[in-house]
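There are 2 protein chains.
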Amino acid sequence: MTMSNTGGRRRPPTIHDVAREAGVSRGTVSRVLNGGHYVSPTAQEAVNAAIRKTGYVVNRHARSLITGRSDSIGFLLTEPQEKLFEDPNFNVLLRCCTQALASHDIPLLLMLAGTEDERRRITRYITAGHVDGVLVVSGHSGDLVADELREAGVPVVQCGKPMGRGSKVSYVAADDRDGARDMVRHLLSLGRRRIGVVTGPLDSPGGVDRLAGYKEVLIEAGVGIDERLIVSGDYSRASGEAGAERLLARAPDMDAVFVASDLMAQGALTALRRAGRRVPEDVSVGGFDDSTAATESTPALTTIRQPYDRISNEMVRVLLAQIGGEDPAAVILPTELVKRESA
Amino acid sequence: MTMSNTGGRRRPPTIHDVAREAGVSRGTVSRVLNGGHYVSPTAQEAVNAAIRKTGYVVNRHARSLITGRSDSIGFLLTEPQEKLFEDPNFNVLLRCCTQALASHDIPLLLMLAGTEDERRRITRYITAGHVDGVLVVSGHSGDLVADELREAGVPVVQCGKPMGRGSKVSYVAADDRDGARDMVRHLLSLGRRRIGVVTGPLDSPGGVDRLAGYKEVLIEAGVGIDERLIVSGDYSRASGEAGAERLLARAPDMDAVFVASDLMAQGALTALRRAGRRVPEDVSVGGFDDSTAATESTPALTTIRQPYDRISNEMVRVLLAQIGGEDPAAVILPTELVKRESA
DNA sequence: TTCTCTACTGTGAACGCTCACAGAAGCACC
DNA sequence: GGTGCTTCTGTGAGCGTTCACAGTAGAGAA
Chain W
1 MTMSNTGGRR RPPTIHDVAR EAGVSRGTVS RVLNGGHYVS PTAQEAVNAA IRKTGYVVNR
61 HARSLITGRS DSIGFLLTEP QEKLFEDPNF NVLLRCCTQA LASHDIPLLL MLAGTEDERR
121 RITRYITAGH VDGVLVVSGH SGDLVADELR EAGVPVVQCG KPMGRGSKVS YVAADDRDGA
181 RDMVRHLLSL GRRRIGVVTG PLDSPGGVDR LAGYKEVLIE AGVGIDERLI VSGDYSRASG
241 EAGAERLLAR APDMDAVFVA SDLMAQGALT ALRRAGRRVP EDVSVGGFDD STAATESTPA
301 LTTIRQPYDR ISNEMVRVLL AQIGGEDPAA VILPTELVKR ESA
Chain P
344 MTMSNTGGRR RPPTIHDVAR EAGVSRGTVS RVLNGGHYVS PTAQEAVNAA IRKTGYVVNR
404 HARSLITGRS DSIGFLLTEP QEKLFEDPNF NVLLRCCTQA LASHDIPLLL MLAGTEDERR
464 RITRYITAGH VDGVLVVSGH SGDLVADELR EAGVPVVQCG KPMGRGSKVS YVAADDRDGA
524 RDMVRHLLSL GRRRIGVVTG PLDSPGGVDR LAGYKEVLIE AGVGIDERLI VSGDYSRASG
584 EAGAERLLAR APDMDAVFVA SDLMAQGALT ALRRAGRRVP EDVSVGGFDD STAATESTPA
644 LTTIRQPYDR ISNEMVRVLL AQIGGEDPAA VILPTELVKR ESA
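Protein chains in written order, with the working numbering: chain W, 1 to 343; chain P, 344 to 686.
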């Protein structure tokens, strides 16, 4: 099935057309376009009027050709395909970053590096200078792609602490350890003492820090650590379910569990229900992230909110600063305990 | 906290460097780069060797400046912010389209038009020629943005049938009506006769077609239409829950329900459970989409699979063809009944 | 007057590529 | 030897910007 073709684009107006219309030179129009310094109010106004009249929009290719900047940035997701979009956090991050960039009038290029092949192609694309900088998000941040890009001179900001010790990659992260502490303190305040934990992947700083926070508080409180109450997962729903099952098997007297992601907590709820435990009556469950999964589960999850909107904004801010020549920076943002039904 | 800055990009090699290295002219290098017609095997080889040696990557800006193409395409999502990423279908579509484009070495620009302001800005950006074409996805496809873009001469492909009657926008869609027919036939084959429906938004062709399929089969089968068994939703989980509640109130003898999206079906399951109905023993539930929601619910949803991978591939194919000068086209892809636990 | 300074404006060159064109080389045919 | 054809190659122009530089006008000071 086909339809007749309409339209066909007209040649768009150039800076030349605007200059002629405004009765000034190209240079003046260019100056107005780029901040308007050293332009008389009269010229300024004439140019703006001409721009409105002609419907002029700058040709970014011509500009980029000479400035060397592309005025676009990449959003790089390194994650095997399946997990990629299961986690609602990626989506929120992507959405927030797109918006944050849009407010600077910078387009976002989405780059998915699931396979080694894709990864090579994308790295090549990036290092060729087709983007001015890259926002990197990877699930298990053991990934070194951010370091590699930085090594190649590309401005980079990663979401979450980088794994490489001594890595000089900029990053923005929530305060994982502090969040974990808050949650475990909350569970203690409910009178719980046999508190289990399903950790995140322990080859990632986020996973390690959340576990550290858990241990810290229990030791401080004089409850002590019981290794039977510690199992690890990989942030996926399935691993949360399996983790809770193992915990129940190893420590049937568990009266609370801190699960290091909401998605895993969803899985844990399933396992607990199947085992006949009521939440929160028999077992309190605390999640982490405050993703959409937290409100969708029954009971709704008490969790630690990661401020994804702020994280995104900071990532963009830090990246743009770096593109502007500033040094890499690390930003850690506070989390917040959100009480719902599960604990 | 700051860290010392490393690196700083070197000026990348140009076509000139490659030409010198290979002992040929710019023109010859350019020809090799663009398909290699009218180039001797000797020169071909020399150029390729030089490209490898210098690490040359084409400067897309310089190319675009002269060709007028940007060699990038936009992925436009017109949807209010909240709903945007609740629906897993958007994610799958985005992922598949990104990959389909990546295989053509075309970057995807993500554009979110939640507010009227964003929409204006993005339209301006697109019509300025910063992308060669646009893939449009909108939840309730009453949206006319695709038509507007097409009117402005921009190649466009929409996901799902466009609303505007007489619209000449290219689109790729699953066969909604046929999918609905399959599902209702399946419910009939289970011996169900009091089959309710929670429709999609009836200001969108998808919603209308699925309802039409439902009615068609019931009439064909001689069961007839009972208006009390028809309520409408908006594809959201909440509306599915509310819809199922209304159906139960109006037709307590309902023994099956066709819910026009998996997300709504999830909501319906919640409502049915609360009402004390067992699924599938008391009430069979059929969804639509085969999104991740279908396998995550308990019981897992019997549903109609929309072939999102094929839809994405077709969208990209049709769009590229259109950019290449071909006429707009409409593609309708078959759906498939996926039996799980709920019906 | 003349000089200096500031505020502004115009101009040519350049960014790295593609495209159209001209031309060379080889071959076949008259 | 001329003509035509095909296959290949090099060259100059130009895409729409920005940037550096030169230059003008007006104000204020000497």
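Don't be surprised by glycine CBs; every beta carbon is placed ideally from N, CA and C.
DSSP-derived helix/strand/coil call for residue i
i	result
W/Val47	helix
W/Asp289	strand
P/Val500	strand
W/Thr6	Reliability of the predicted coordinates at W/Thr6 is poor, the pLDDT of 36 falling under 50, and the value obtained from them is presented with this limitation in mind. Here W/Thr6 sits in coil by DSSP.
P/Ile573	strand
W/Arg20	helix
W/Leu93	helix
P/Met597	coil
W/Gly179	helix
P/Gly539	strand
W/Ala343	coil
W/Met1	The predicted position of W/Met1 is uncertain, since its pLDDT is 39 and thus under 50; a value taken from the coordinates is nonetheless stated next. Coil, per DSSP.
P/Ala445	helix
W/Thr14	coil
P/Ser383	coil
Short Cβ contact (8 Å threshold) for residue i with residue j
i	j	result
W/Tyr235	W/Val92	no
W/Gly345	W/Ala242	With chain W represented from 1 up to 343, any question about residue 345 of chain W goes unanswered, as that position is not in the structure.
W/Val259	W/Val198	yes
W/Val316	W/Val331	no
P/Thr678	P/Arg653	no
W/Pro201	W/Lys161	no
W/Leu218	W/Met254	no
W/Ser297	W/Pro88	no
P/Val512	P/Asp490	yes
P/Leu590	P/Val574	yes
W/Ala102	P/Glu422	no
W/Val39	W/Arg31	yes
W/Val156	W/Arg165	no
P/Ala637	P/Ala643	yes
P/Ala587	P/Gly556	no
P/Phe631	P/Arg553	yes
W/Gly35	P/Pro355	no
W/Gly286	W/Ala343	yes
Classification of residue i by the beta-carbon crowding that lies within 10 angstroms, buried from 16 upward
i	result
P/Arg403	buried
P/Phe532	According to the sequence provided, residue 532 of chain P is Ser. The question's Phe does not apply to it. By the 10 Å Cβ count, P/Ser532 comes out exposed.
P/Ala564	exposed
W/His16	exposed
P/Pro384	exposed
P/Glu388	exposed
W/Ala249	exposed
W/Thr67	exposed
W/Arg120	exposed
Extent of the continuous beta strand (DSSP E) run through residue i
i	result
P/Val681	679 to 681
P/Ile568	Careful: P/Ile568 lies outside any beta strand (DSSP E) and carries neither H nor E.
W/Tyr171	170 to 174
W/Ser138	133 to 138
P/Tyr488	Reading off the sequence shown, one finds Val at residue 488 of chain P, where the question assumed Tyr. Per DSSP, P/Val488 belongs to no beta strand (DSSP E); it is in the alpha helix (DSSP H), 488 to 494.
P/Ala673	673 to 676
W/Thr303	303 to 305
W/Ile126	Taken as a continuous stretch (DSSP letters only), W/Ile126 belongs to no beta strand (DSSP E), as it is neither H nor E.
P/Ala643	Segment: none, P/Ala643 is in no beta strand (DSSP E) and carries neither H nor E.
W/Ala113	Run containing W/Ala113: none; DSSP gives neither H nor E here.
P/Gly417	416 to 421
8 Å contact criterion, which residue i and residue j should meet: CB distance rounded
i	j	result
P/Val497	P/Gly476	7 Å
P/Ile416	P/Leu451	6 Å
P/Asp518	P/Leu676	7 Å
P/Gly583	P/Ala608	6 Å
P/Thr441	W/Leu110	5 Å
P/Ala599	P/Arg535	4 Å
Boundaries (first-last residue) of the alpha helix (DSSP H) holding residue i
i	result
P/Ala614	605 to 617
P/Met506	That residue, P/Met506, is in no alpha helix (DSSP H); it is neither H nor E in DSSP.
P/Gly583	580 to 593
P/Ile654	651 to 666
P/Gly370	369 to 376
P/Ala405	403 to 410
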